[in-house]
Amino acid sequence: MKTRTKPDLSADCAGIKSPNPFWLASAPPTNSGAQVMRAFEYGWGGAVWKTLGQDPPVVNVTSRYGAMDLGGTKIAGFNNIELITDRPLETNLREIYEVKKRFGDRAVVASLMVPCERAAWHDIVKKVQDAGCDGLELNFGCPHGMSERGMGAAVGQVPDYVKMVTEFVKEKAKVPVLVKLTPNVADVRFPARAAKAGGADGVSLINTINSLMGVDVETLVPKFAVGGKAAHGGYCGPAVKPIALNMVAQIANDGETRGLPISGIGGISTWSDAIEFMLLGAANVQLCTAVMHHGFRIVEDLEAGLRGWMRRKGFAKLSDFVGRSAPDIVEWKHLNLHHKTVASIDKESCIGCDACYVACNDTTHQCIAVDRRRGNRKPHVVTDDCVGCNLCSLVCPVEGCITMTEVETGLKPLTWEQYVKNGLKGYGEVYRRH
Amino acid sequence: MAAEAKRVWRDNFSELKKPLGREEARVEASRCLYCYDAPCVAACPTHIDVPRFIRQIASADVLGAGETILEANALGHSCARVCPVEVLCEGACVYHDWQEKPISIARLQRRATDAVHADGELPFEPGPDNGRRVAIVGAGPAGAACAAYLRRLGYAATIFDRRPLPGGLNTYGVAEYKMDRRTSLEELRLLFRLGVGVKSGVEVDGTLAVRLLKDFDAVFLAVGLARARRLGVPGEDLPGVVDALAFIARVKARDPKVVGASAATVVIGGGNTAIDAAAQSARTGTPSVTLAYRRGREKMSAYDFEVALAKGDGVRVLTDLAPRRVLGRRKVEGVEFVRTRAVGGKLVADKRPVVVACDRVIVAIGQEKDRSVAGLFGAALNADGTIRVDPATLRTTAAKVFAGGDAVNGGKEVVNAAADGKRAAWSIHKTLRPDAVPDAANAYWVSTIDGRVVAPIVARGGTSS
Chain A
1 MKTRTKPDLS
11 ADCAGIKSPN
21 PFWLASAPPT
31 NSGAQVMRAF
41 EYGWGGAVWK
51 TLGQDPPVVN
61 VTSRYGAMDL
71 GGTKIAGFNN
81 IELITDRPLE
91 TNLREIYEVK
101 KRFGDRAVVA
111 SLMVPCERAA
121 WHDIVKKVQD
131 AGCDGLELNF
141 GCPHGMSERG
151 MGAAVGQVPD
161 YVKMVTEFVK
171 EKAKVPVLVK
181 LTPNVADVRF
191 PARAAKAGGA
201 DGVSLINTIN
211 SLMGVDVETL
221 VPKFAVGGKA
231 AHGGYCGPAV
241 KPIALNMVAQ
251 IANDGETRGL
261 PISGIGGIST
271 WSDAIEFMLL
281 GAANVQLCTA
291 VMHHGFRIVE
301 DLEAGLRGWM
311 RRKGFAKLSD
321 FVGRSAPDIV
331 EWKHLNLHHK
341 TVASIDKESC
351 IGCDACYVAC
361 NDTTHQCIAV
371 DRRRGNRKPH
381 VVTDDCVGCN
391 LCSLVCPVEG
401 CITMTEVETG
411 LKPLTWEQYV
421 KNGLKGYGEV
431 YRRH
Chain B
435 MAAEAKRVWR
445 DNFSELKKPL
455 GREEARVEAS
465 RCLYCYDAPC
475 VAACPTHIDV
485 PRFIRQIASA
495 DVLGAGETIL
505 EANALGHSCA
515 RVCPVEVLCE
525 GACVYHDWQE
535 KPISIARLQR
545 RATDAVHADG
555 ELPFEPGPDN
565 GRRVAIVGAG
575 PAGAACAAYL
585 RRLGYAATIF
595 DRRPLPGGLN
605 TYGVAEYKMD
615 RRTSLEELRL
625 LFRLGVGVKS
635 GVEVDGTLAV
645 RLLKDFDAVF
655 LAVGLARARR
665 LGVPGEDLPG
675 VVDALAFIAR
685 VKARDPKVVG
695 ASAATVVIGG
705 GNTAIDAAAQ
715 SARTGTPSVT
725 LAYRRGREKM
735 SAYDFEVALA
745 KGDGVRVLTD
755 LAPRRVLGRR
765 KVEGVEFVRT
775 RAVGGKLVAD
785 KRPVVVACDR
795 VIVAIGQEKD
805 RSVAGLFGAA
815 LNADGTIRVD
825 PATLRTTAAK
835 VFAGGDAVNG
845 GKEVVNAAAD
855 GKRAAWSIHK
865 TLRPDAVPDA
875 ANAYWVSTID
885 GRVVAPIVAR
895 GGTSS
């Protein structure tokens with residue numbers, strides 16, 4: 001009988017080691033030692049503690065979370081207005097110490113947020129290091145409440161502040177420092193560069209996105225309101241994954257930050273979501289919304305799925321694939337204008353719902369036709385007119401029915417950059433422009 | 435005739451529960467609510483983590499789902515087809531409380547185990563050889579499951595079985611339209627690649643028993659039940675009277691002579707085997723099939739959905755009829771019944787006979803207990819003929835002899851036998867090595883023997899241990 005290979009799942013993000021790459025993000029699931037210990041019993045590789053601040057602790061409001069359901073899917077997007085920990089610092093420090101004592105092999109990272117003063121940062125860094133944490137995560141991302149008080153995203157949105165506070169922390173830090181970035185900026189590369197310049201050992205991203213969950217059209221009151229009034233919150237969950245992936249890839253590929261360790265966060269629910277972040281350069285990943293939906297147990301599925309995939313792909317350790325797909329994320333001007341795909345509809349599996357027909361005909365390039373004359377409901381692609389936009393395959397409900405097939409054009413690759421350099425010459429028409 | 439037989443096998447004996455299509459599977463898997471302390475897990479005798487494997491299917495980790503299933507139930511591939519899920523996992527689904535259709539757990543399970551079989555590789559391997567040997571008597575679901583888990587613990591496992599093919603009732607007794615023989619054999623072929631030795635065609639007698647007790651460190655008795663119970667009425671030995679299991683075994687062997695063999699069949703009995711026999715008689719081309727049961731419909735042990743299936747096949751179900759004799763001179767010509775009614779729990783027979791003409795009688799009133807095998811190993815029986823065991827450990831009254839499956843429970847489902855095999859494997863290990871704790875490779879399946887303990891809800895500020 002063939003011996004099954006046992007992939008090594010151990011992860012190292014900026015020198016913070018964990019037996020697997022799955023960490024709980026700094027959020028309600030890591031609010032207390034009891035929760036973190038229970039999570040570790042289920043197998044989580046690490047936990048970033050719910051952000052610690054100065055005493056006296058903050059006060060939270062009641063009514064804190066909101067969600068967006070899509071069709072039958074609960075919590076496609078999630079929103080919160082909860083602040084950092086509302087428990088005394090001393091309590092959290094004692095519990096961090098207890099967790100580390102019992103689970104020495106797991107990563108316990110302290111998320112921190114105090115005012116932008118050197119002494120305040122020095123003080124809290126010393127305290128959490130004494131408690132035994134394995135790393136620090138500077139919360140420069142929280143977009144609600146704390147930002148109004150000059151912390152969280154208010155720091156993350158100003159690269160100079162990012163650099164300054166990172167430097168404060170690095171003056172005292174004995175453990176690796178991750179800077180958690182906010183996506184609520186025009187270009188995430190600037191704060192990432194600033195973090196690196198300030199001496200950060202790595203970055204973690206994304207924090208939540210500014211959001212408002214809606215207004216009840218019957219009562220005219222904002223949804224998930226606090227006594228009739230709502231404040232904007234931070235958006236996360238499956239819906240934000242593409243936004244997070246883009247930012248991770250941007251930092252992985254940026255000339256200034258290339259090689260800076262990344263802890264990937266944003267809408268991860270399954271093993272394959274996690275792998276996507278790692279393929280684009282994340283050394284490990286952090287989860288929250290999926291855990292808040294289903295509990296700590298999901299780590300078992302994450303681990304099993306990752307291990308099975310690595311076995312199928314022949315990867316023995318995470319570094320075999322971390323960042324493997326990042327070089328394939330390029331600027332638009334480097335895409336091949338001579339690449340051509342066209343849609344094809346599988347007559348066998350087509351059910352004749354016309355979703356592709358109406359989408360193509362009304363909104364894109366009018367290259368799907370239906371010939372009703374002989375009682376034929378099934379549409380076909382007018383291949384010569386197809387621009388290969390994918391829309392039909394995206395709206396098709398039948399998996400595998402519409403495929404996008406590469407067409408050999410016989411033309412040498414040509415990018416926009418080269419095309420411009422050639423004086424706009426040398427483009428062979430790969431699709432018909434009306 | 436050969437062409438007719440071919441048509442019958444193709445049209446009437448393809449599997450009743452079809453595999454899920456891709457879209458069906460996607461929609462069905464995403465419907466699962468992923469309950470925490472899930473009632474479906476509790477309802478499964480092998481405690482498969484159903485929500486977990488369904489979530490794995492939903493996240494496109496179908497092989498991972500197969501691993502979750504086969505860890506808890508080595509016979510998960512056949513159980514996906516033969517389990518009466520309506521009264522087990524699917525019957526427990528929380529959707530019932532919502533007046534909605536329960537999750538199609540069996541068909542999702544089948545999707546996962548089919549993928550494992552298509553992949554051709556078991557999700558686990560044998561443990562390092564520990565130098566000890568266990569003999570297993572009976573290659574049915576209990577014996578096969580026990581052998582598989584023993585191999586994972588590093589034991590040499592040898593199964594002795596009296597039939598030519600392994601699988602017991604999975605291979606010889608499960609209605610062919612629920613699971614064909616090929617599927618049962620494929621399941622075992624993959625499972626036995628763990629390194630299970632199988633000695634087929636071996637009848638266990640006193641000499642062999644002595645040798646097994648001497649040569650092996652432990653023995654697991656998974657002998658099932660013995661021969662079919664007889665009616666005890668005149669005419670029972672006429673040609674044309676067959677017992678249900680012998681009839682089903684012929685169907686499962688796809689004996690062409692069974693097709694069109696009878697113009698009118700009477701099946702006697704009220705259990706699921708009687709239903710299986712009646713439906714398979716109809717499906718092999720018997721135009722008139724009558725099932726007769728001596729008590730009322732409510733006393734029939736056959737599940738409602740099984741009775742509905744037989745009726746759909748055109749089987750006429752008659753109740754409150756007790757057979758008085760089988761009619762016929764040289765061969766069966768009919769059955770004479772008397773009408774019965776229950777008076778104070780006892781059956782009272784009418785005087786007037788009711789005759790149902792037929793050319794074949796299938797007797798399906800249960801199997802007798804095998805009262806001989808346990809004794810050969812020094813194990814005592816209960817008064818009802820089942821082997822006496824401690825339910826927690828499946829130890830018999832004889833040293834190093836364990837027992838499980840139908841021989842112990844008197845005749846239950848495949849999944850009960852598979853659960854016993856798993857329990858026995860760990861119990862044998864704990865008996866031979868009392869200080870054993872499950873290592874990483876075995877911890878998960880061992881945790882499913884009594885069901886995983888769901889983490890307690892702890893008060894805020896408390897710790898969970």
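One line per chain: the protein sequences are A and B, in this order.
Going left to right, the first sequence walks through residues 1 to 434 as my numbering numbers them.
Going left to right, the second sequence walks through residues 435 to 899 as my numbering numbers them.
Even for Gly, the Cβ is constructed at its ideal location relative to N, Cα and C.
Remember, predicted model here, so these are calculated numbers, not experimental data.
Limits of the unbroken beta strand (DSSP E) element including residue i
i: N604 (chain B); result: Where N604 (chain B) is concerned, there is no enclosing beta strand (DSSP E), although the alpha helix (DSSP H) it sits in stretches over L603 to Y606.
i: F594 (chain B); result: A590 to F594
i: R585 (chain B); result: Premise fails: R585 (chain B) lies in the alpha helix (DSSP H), P575 to R586, not in any beta strand (DSSP E).
i: D738 (chain B); result: Premise fails: D738 (chain B) lies in the alpha helix (DSSP H), D738 to G746, not in any beta strand (DSSP E).
i: F771 (chain B); result: G768 to V777
i: R750 (chain B); result: R750 to L752
i: D677 (chain B); result: V675 to D677
Beta-bridge partners of residue i, as assigned by DSSP
i: C13 (chain A); result: A:I16
i: C236 (chain A); result: A:F78
i: H380 (chain A); result: A:A369
i: N336 (chain A); result: A:T415
i: T403 (chain A); result: A:S344
i: Y65 (chain A); result: A:N80
i: E137 (chain A); result: A:S111 and A:L178
i: D448 (chain A); result: Look at the range of chain A in this structure, 1 to 434, and you will see that residue 448 (chain A) is not part of it.
i: Q286 (chain A); result: A:W23 and A:I265
i: V723 (chain B); result: B:T699
i: I209 (chain A); result: A:Y235
i: F836 (chain B); result: B:F654 and B:R829
i: S272 (chain A); result: None; S272 (chain A) has no bridge partner.
i: W49 (chain A); result: A:A110
i: K317 (chain A); result: A:D8
First and last residue of the uninterrupted alpha helix (DSSP H) at residue i
i: E637 (chain B); result: Element bounds for E637 (chain B): n/a, residue is neither H nor E.
i: K172 (chain A); result: P159 to K172
i: S618 (chain B); result: R615 to L625
i: T707 (chain B); result: N706 to R717
i: A477 (chain B); result: P473 to A477
Beta-carbon proximity of residue i to residue j, cut-off 8 Å
i: V48 (chain A); j: E137 (chain A); result: yes
i: C386 (chain A); j: C356 (chain A); result: no
i: K612 (chain B); j: L450 (chain B); result: yes
i: I862 (chain B); j: V568 (chain B); result: yes
i: V58 (chain A); j: I84 (chain A); result: yes
i: N139 (chain A); j: S111 (chain A); result: yes
i: A39 (chain A); j: Q490 (chain B); result: no
i: A225 (chain A); j: S349 (chain A); result: no
i: A249 (chain A); j: I345 (chain A); result: no
i: G855 (chain B); j: Y583 (chain B); result: yes
Supposed close pair residue i, residue j - CB separation, criterion 8 Å
i: G141 (chain A); j: A153 (chain A); result: 6 Å
i: E610 (chain B); j: S512 (chain B); result: About 13 Å; that fails the 8 Å criterion.
i: A591 (chain B); j: G631 (chain B); result: 7 Å
i: E847 (chain B); j: P560 (chain B); result: In fact, because the Cβ distance is near 27 Å, the residues do not count as touching under 8 Å.
i: W23 (chain A); j: A131 (chain A); result: Contact flag wrong, Cβ pair sits at about 18 Å.
i: P115 (chain A); j: G150 (chain A); result: 7 Å
- prompt: Are the segment 69-87 of chain A and the segment 468-475 of chain B in contact at 8 Å, needing three or more beta carbon pairs?
  reply: With a cut-off of 8 Å, the segment 468-475 of chain B and the segment 69-87 of chain A do not count as touching, because too few Cβ pairs lie within range.
query: Okay, do the segment 490-498 of chain B and the segment 303-320 of chain A touch, 3+ Cβ pairs below 8 Å being the bar?
result: yes
- request: Would you be able to state if there are at least three C-beta pairs under 8 Å between the segment 28-41 of chain A and the segment 288-299 of chain A?
  value: Of all C-beta pairs linking the segment 288-299 of chain A to the segment 28-41 of chain A, three or more are shorter than 8 Å, placing the two stretches in contact.
- prompt: Should the segment 387-398 of chain A be called in touch with the segment 321-334 of chain A, which here means at least 3 C-beta pairs below 8 Å?
  reply: no
query: Quick check: the segment 458-468 of chain B against the segment 753-770 of chain B, are there 3 or more CB pairs under 8 Å?
result: The segment 458-468 of chain B vs the segment 753-770 of chain B: no contact.
message: For the structure I just gave you, are there three or more beta carbon pairs, one from the segment 865-875 of chain B and one from the segment 573-584 of chain B, closer than 8 Å?
response: Segments in contact, no.
query: Taking one C-beta from the segment 329-345 of chain A and one from the segment 410-418 of chain A each time, how about it: are there three or more such pairs within less than 8 Å?
result: yes
query: Using 8 Å as the threshold, is the segment 237-248 of chain A in touch with the segment 188-207 of chain A, meaning 3 or more CB pairs across them?
result: yes
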